[in-house]
Amino acid sequence: MAELKIVDVIIPVCMPDERTVQSVKRLLKQTYPLNRIYLIHTEKGMFPGELETLSEKIHITHIRPEQFDHGGTRHQGAMMSRAEFLIYMTQDALPVNEKLVENLMAAFEDERVGAAYARQLPAADSSSIERFTRTFNYPPKSRVKSEADLPELGIKTYFCSNACAAYRKSVYMSLGGFETRVIFNEDMIMAGRIIQSGCKIAYTADAQVIHSHHDRCFRLFKRNFDLAVSQVDHPEIFENVRSETEGIRLVKQTAGFLLKTGRPWEIVPLVLQSGFKYAGYRLGRNYRRLPKRLVMRCTMNPGYWSHGAYEKT
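Just so you know, the numbering used here puts 362 at position 258 of the sequence shown, and the rest follows in order with no gaps.
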């Protein structure tokens, strides 16, 4: 193992449950020692007392629900940390083994790598569609991406997920950190800036977490609405990269997988889910033409709009 660096983990949490406790316990057992684990808790509901007593490495900060922001709250964690590297996770991402941090950090032996993100594996109760989606977005082979990959990968060049991602703090800070007011997608916005600065993004397939979704159609609609809003609001990142073609490719390959594995009936929910995703995305792309009351019904993040984010043109 190369020389150990100082590494902190930052996890925004809201009503943490037993899965969150188990995730923190696994982080404390990593082969690559962590300096601190910052939990930034939105004060809503109960907070497990066990998390407060597990280790002196755990530092808990409480914020009000209206203070939470996908970018701003995570940047708050960066400002509390004095580490050389920051690992961001979500409270429902569960390390597969004790080498998660070690494998993530190995990517930074390349001095040009500004961020590295983990492979996300589906939970045991995931649907066939969700399982294939995880494999599509997080394949078994690692890859280091740079600006030279844009013609081939399009928007996937900027793909990075804060469900489990590590950042070289010097690069992170030089690019201004996560925006303090952002609807969603703060990880890809930062990844885009990292790539555009001449640095690289590493996908480390041997660093693994269990993390998958069980979203219903309208939640998929809202998630993709917010995703599109984030792209419209950041043309400097997303304006000149392919986006929708990647979604079409996912739908086609998922349908082929379902047919090949003898599950043709699951194409019906695939088409339904894809329709909701696309409708949300298209509306999000045109959110400035919509009345605010409709925007508020379409978004997953109403608090973002209550702070003057909406601007009708």
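We treat Cβ as the ideally placed atom computed from N, Cα and C, and that holds for glycine.
Could you check where the alpha helix (DSSP H) with residue i kicks off and where it finishes?
i: Gln126; result: 122 to 132
i: Val146; result: Note that residue 146 is Thr in the sequence shown here, rather than Val. Counting along the chain, Thr146 falls outside any alpha helix (DSSP H), though it belongs to the beta strand (DSSP E) covering 140 to 146.
i: Ile298; result: 290 to 300
i: Leu208; result: 204 to 210
i: Pro255; result: 254 to 257
i: His338; result: Taken as a continuous stretch (DSSP letters only), His338 belongs to no alpha helix (DSSP H), as it is neither H nor E.
i: Met183; result: 176 to 184
i: Val345; result: Val345 -> no alpha helix (DSSP H), and no H or E assigned at all.
i: Met400; result: 396 to 402
Alpha carbons only, please: which of the options is nearest the one belonging to residue i?
i: Ser185; options: Lys133, Arg140, Gln377; result: Arg140
i: Glu160; options: Lys129, Asn328, His315; result: Lys129
i: Ala309; options: Pro339, Ile287, Asn241, Leu362; result: Asn241
i: Leu155; options: Gln134, Gln195, Gly258; result: Gln195
i: Ile114; options: Leu143, Leu324, Leu108, Ile293; result: Leu143
i: Glu306; options: Leu279, Thr237, Arg216, Pro137; result: Residue 306 is actually Ala in this sequence, not Glu. Out of Leu279, Thr237, Arg216, Pro137, Arg216 has the C-alpha closest to the C-alpha of Ala306.
i: Ala252; options: Tyr136, Val336, Thr261; result: Thr261
i: Phe325; options: Met294, Gly379, Asn289, Pro137; result: Gly379
i: Asp229; options: Met277, Phe342, Ile314; result: Ile314
i: Gly388; options: Gln335, Thr135, Arg178, Asn289; result: Gln335
i: Lys356; options: Leu331, Ile233, Pro406, Val248; result: Ile233
i: Val286; options: Glu107, Gly407, Phe342, Thr135; result: Gly407
i: Phe288; options: Ala267, Ile371, Gly360; result: Ala267
i: His179; options: Ser231, Gly280, Pro244; result: Gly280
i: Leu354; options: Val125, Pro243, Leu190; result: Pro243
i: Leu132; options: Glu283, Glu107, Gly218, Asp112; result: Asp112
i: Thr157; options: Tyr271, Leu190, Val125; result: Val125
i: His145; options: Cys402, Phe172, Arg367; result: Phe172
Following the continuous beta strand (DSSP E) through residue i, name the residue where it begins and the one where it ends.
i: Tyr221; result: 217 to 225
i: Thr165; result: 162 to 167
i: Val113; result: 111 to 118
i: Phe189; result: 189 to 193
i: Val248; result: 247 to 249
Helix, strand or coil for residue i? Go by DSSP, reduced to three states.
i: His317; result: coil
i: Gln357; result: helix
i: Leu363; result: helix
i: Arg389; result: helix
i: Gln171; result: helix
i: Thr157; result: helix
i: Ala269; result: strand
i: Thr237; result: helix
i: Asp229; result: coil
i: Asp196; result: coil
i: Thr135; result: coil
i: Thr308; result: strand
i: Thr284; result: coil
i: Asn59; result: It is not possible to answer for residue 59, since the shown part of the chain is limited to 105 through 417.
i: Ile371; result: helix
i: Phe322; result: helix
i: Phe380; result: helix
i: Met150; result: coil
Count the other CB atoms, across all protein chains shown, that sit within 10 Å of the CB of residue i; report buried if there are 16 or more and exposed otherwise.
i: Met183; result: exposed
i: Val117; result: buried
i: Met150; result: exposed
i: Pro120; result: buried
i: Val333; result: buried
i: Leu363; result: exposed
i: His174; result: buried
i: Phe322; result: exposed
i: Thr417; result: Caution is warranted here: a pLDDT of 40 is assigned to Thr417, below 50, making its placement in the model unreliable, and no coordinate value can be reported.
i: Asp337; result: buried
i: Ile164; result: exposed
i: Pro226; result: buried
i: Val399; result: buried
i: Lys304; result: buried
i: Lys381; result: buried
i: Ser127; result: buried
i: Leu331; result: buried
i: Asn207; result: buried
i: Ser316; result: buried
Could you give the C-beta distance for residue i and residue j, rounded to a whole number, given that I count them as a contact under 8 angstroms?
i: Ser274; j: Asp291; result: 18 angstroms between Cβ atoms; not a contact.
i: Arg320; j: Met404; result: That belief does not hold up - the Cβ atoms of Arg320 and Met404 are roughly 12 angstroms apart, past 8 angstroms.
i: Leu198; j: Arg123; result: 6 angstroms
i: Thr358; j: Thr237; result: 7 angstroms
I want to see whether chain C comes within less than 8 angstroms of residue i, judged by CB atoms only; does it?
i: Pro137; result: Protein chains in the displayed structure number just one, and chain C is not present.
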